[in-house]
Structures are given as structure tokens and as C-alpha cells.
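Scroll down for the structure; my scribbles are underneath it.
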Amino acid sequence: MKAMVLDRFGGPEVLHLAEIERPVATQGQVVVQVGYASVNPADWKSREGWLAQYFQYQFPFVVGFDAAGVVAEVGEGVTGLNVGDRVVTPGNQGLGERGSYAEYVRSAAERVIPLPDSVTLQQAATLPTAGMTAWKAVLDLGQAGPGKRVVVNGGAGGTGSFAVQLAKMAGAEVAATCSPRNFDYVRALGADHVIDYRAGGVVEAIRAWAPDGVDLIVDTVGQGTFVDTIETLKRGGIICPIGTLIADETPYDPARAAAAEVTVIPTVSDFESQPRQLAGLVEALAAGRIRAPEITVMPLDQAGEAQRLVAAGHVRGKILLEINPTLER
Ligand SMILES: NC(=O)c1ccc[n+]([C@@H]2O[C@H](COP(=O)([O-])OP(=O)(O)OC[C@H]3O[C@@H](n4cnc5c(N)ncnc54)[C@H](OP(=O)(O)O)[C@@H]3O)[C@@H](O)[C@H]2O)c1
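Sequential numbering from 941 applies to the sequence shown in my numbering.
Structure, rendered in C-alpha cells:
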């Protein structure tokens, strides 16, 4: 099969198209023929070797967590999935297996979620990493709900696009930061209020929007951009900083959080919750309660350029790599 592989860690130039063997569906596993793979910041970090703390890389390595496509093979013991089913999966890359920038990817069966006809493969490919992480922050940890006020830092990105929508789906009032060119996009996702982080005065802007304080902050940007917002939370409020893997990441000050009586919950997507969250996202998308983020499609052999754009930090919505568009009926 064709895949974008890397034989060593490095910049986007280490990614190259190669023929490698197709994965095989062993016990409890499914092989998915990939229509679209999405590009996440974790992919360029993985390409540079940042995920070595979680698994041992085997070269040639294939990055990519998210895939939407069609079941090509089911292993022994797999029930409820059949060859030809349209599915979405976060794959097994987080366990150190080859990822989704390839014609085929292997995934544990419980991580393969069937798609209703109304959900396209492109829409589905946006869901796993960004959507599951937003689900964890907003719904599982953040307990967003009616009457609550939620602030999303980075509302125009992949994770932010889902965080804004999931908070609205839960019935909360939502404000989000973004640059002015993304105001209309973030409002269209459902945000009640947008804040231009480039203009400065973010803390004052949050206070003006929520004079009684906010209940939840979901910080998808990190890098110290939001550490001064602690005191905009109500007592008992929650901050979910999404893990960026940046070694010298600026943490929220525990003493300030304690003084303000708020809880900081570092948020990283976890394997156990992913199937439930992904199934919830597919259902919400099919029911029209959320929609896919803005999608930009690029060919598989442009994966290096796609990662360069993501690493620059200002992609709106999601970039997808097109691998086999004929799977989209
Ligand atoms: N550990 C995990 O489980 C996990 C899972 C998912 C994501 N993450 C991490 O979460 C982070 C975000 O991921 P992502 O997929 O959402 O990234 P992304 O889609 O690439 O985010 C890009 C967005 O960030 C916005 N942005 C950049 N600087 C900003 C700032 N100072 N204030 C507000 N918005 C800003 C940009 O909007 P403008 O153009 O308007 O500036 C752009 O739309 C990454 O570090 C990623 O690795 C971790």
C-alpha cells in the first residue's frame, strides 16, 4: 500500500511517499481502507519524535490518528463490523502502530465507529482527535450545561471548533477567542460572544461578558496565553488546559488557582473514553446538533505542507488528506 512514511525524526521534508506492507487484521482488530485522514498538531509533533514518551517508534513510521473510510478486513472475534461498512476511527497510532496517512490503517475493533449514510467520510475524518478531546474537556471534565458560561481559548481551531459547539449543545453560553478574520466562522459555530485575543485585554473582555464569573475555561492554545484568566472564573470553576506536549509549556499557577478556589484539570485524550466520545460525536453530527469544522482538503503527498500549515498555528477548522475519494459514495 501507499503511505507517507518517515525513516527518521525531523522536519516536514522527512515525510515521503513509499510502498509498505498493508496491515493485517489480527484478533480483535479491523483494517480500514482510508478515504480521508485528518491532520492534527500531534502529527508534526509525532514526526519530530515528541511521542517517544508514550510508545517506541518503529521505522518506517506512519503518523496520523484520524481516519474515515471503509472496513477492508475484520479479525477473529470481531462482531458488529463487516467488510464494506463506512466507519471512522482514531486508529492504533497512539499505541505506536502505523497511523492513518496511508491507504489502510489497523484499529482495535472497539475504536471503529460505524457511520450513518448522512455523515460523509470528510465530515467523519474531522471528528476523532479534535472532537474526542473537546468532548472530554467540555462534557466529561468541564460538566458544561444549561445556565453555565464557558470560555474557549482558540475557538477557530480543530479542538476549539468542537469545544464551542459541544458547549452550546449542552445548553451553555459560550465565548471564544480568535482573530477577527475568524469572528464570523466562530459565531456560525454557535458562539454567543467572540473575543479578539490580538487586541489585548482578554481578561477585561471576559469580565465584561460574564460579570459574575465563568464556570469553565477550555484552553486549546496554552503557551501562557490564558494564564491570567484564572480570576475570571467563579469559585468552584474549572480550567481544562489541553495538553500541548510542549516541553516548556507555561502551566497555570497552582497558588493562584487555589486562592481563586478553582480547579485546573490538565486534559489529554484517553483510550478508554475515546470510543464513547467518538460514538457521541457521530450521533450528534448525524442529528444535526453539531457540524463538521471548516474543511480544507489536500492530497496525501502534500502531508508535509499540511503539517507545516498546522504547525504555524492558524488553520481554521481542519485540514484533511485525501487518500481514496472513491470510497465516498
Ligand atoms: N493531548 C491531547 O489529547 C490533545 C488532543 C487534541 C489537541 N491537542 C493539542 O491542543 C492544541 C490545539 O489543537 P488543535 O487541533 O485545536 O489545533 P489547531 O486546529 O491547529 O489550532 C489552530 C487555531 O488556533 C488558533 N490560535 C492560535 N493562537 C491563538 C491564540 N493566541 N489565541 C486564540 N486562538 C489562537 C488559530 O486561530 P486564529 O487564526 O484566529 O489565531 C487557529 O484557528 C495543540 O497543541 C494540540 O497538540 C492535544
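Where a beta carbon is used, it is the ideal one built from N, C-alpha and C, also for glycine.
Beta carbon of residue i nearer than 9 angstroms to that of residue j
i, j, result
"L1081", "I1178", "yes"
"G1004", "A1042", "yes"
"L1156", "A1112", "yes"
"D1136", "A1115", "no"
"S978", "S1040", "yes"
"R987", "G1009", "no"
"G1094", "D1188", "no"
"E1268", "T1060", "yes"
"M941", "L1240", "no"
"Q969", "R1046", "yes"
"A1049", "G1020", "yes"
"F995", "L946", "no"
"W984", "Q1247", "yes"
"V1142", "D1168", "yes"
"G1140", "K1108", "no"
"I1235", "I1259", "yes"
"E1225", "L1067", "First, the amino acid is wrong: residue 1225 is Leu here, not Glu. Closer than 9 angstroms, so yes."
"T1117", "V1154", "no"
"M1072", "L1218", "yes"
"A1074", "G1100", "yes"
"R1175", "A1200", "yes"
DSSP bridge partner residues for residue i (one or two, in chain order)
i, result
"G1009", "V974 and V1027"
"V1059", "None; V1059 has no bridge partner."
"I1157", "V1091 and I1179"
"T1203", "I1178"
"S1213", "According to DSSP, which records beta bridges pairwise, S1213 is partnered with nothing at all."
"F1001", "L946"
"R1248", "Paired residue(s): none; R1248 is not in a bridge."
"V1045", "V972"
Assigned exposure category for residue i - 16 Cβ within 10 Å defines buried
i, result
"L957", "exposed"
"Q967", "exposed"
"P981", "buried"
"D1057", "exposed"
"G975", "buried"
"Q993", "exposed"
"I1170", "buried"
"N1022", "exposed"
"I1146", "buried"
"A1227", "exposed"
"A1150", "buried"
"D1152", "exposed"
For residue j and residue i, believed in contact at Cβ under 8 angstroms, the rounded distance
i, j, result
"I1182", "A1077", "6 angstroms"
"T1029", "V1052", "5 angstroms"
"P1233", "G1098", "6 angstroms"
"M1238", "L1261", "6 angstroms"
"A1070", "R1256", "Not a contact, Cβ separation roughly 13 angstroms."
"G1244", "L955", "5 angstroms"
"Y1044", "Q973", "6 angstroms"
"Y1192", "V1204", "5 angstroms"
Handout entry: Cβ contact (3+ pairs, closer than 8 angstroms) linking the segment 1126 to 1134 and the segment 1100 to 1110
Key = yes
* Evaluate contact between the segment 961 to 971 and the segment 1010 to 1018, counting only Cβ atoms and requiring at least three cross-stretch pairs below 8 angstroms. => yes
Is the segment 1199 to 1213 touching the segment 1083 to 1100 in the sense that three or more CB pairs, one from each, lie closer than 8 angstroms?
no
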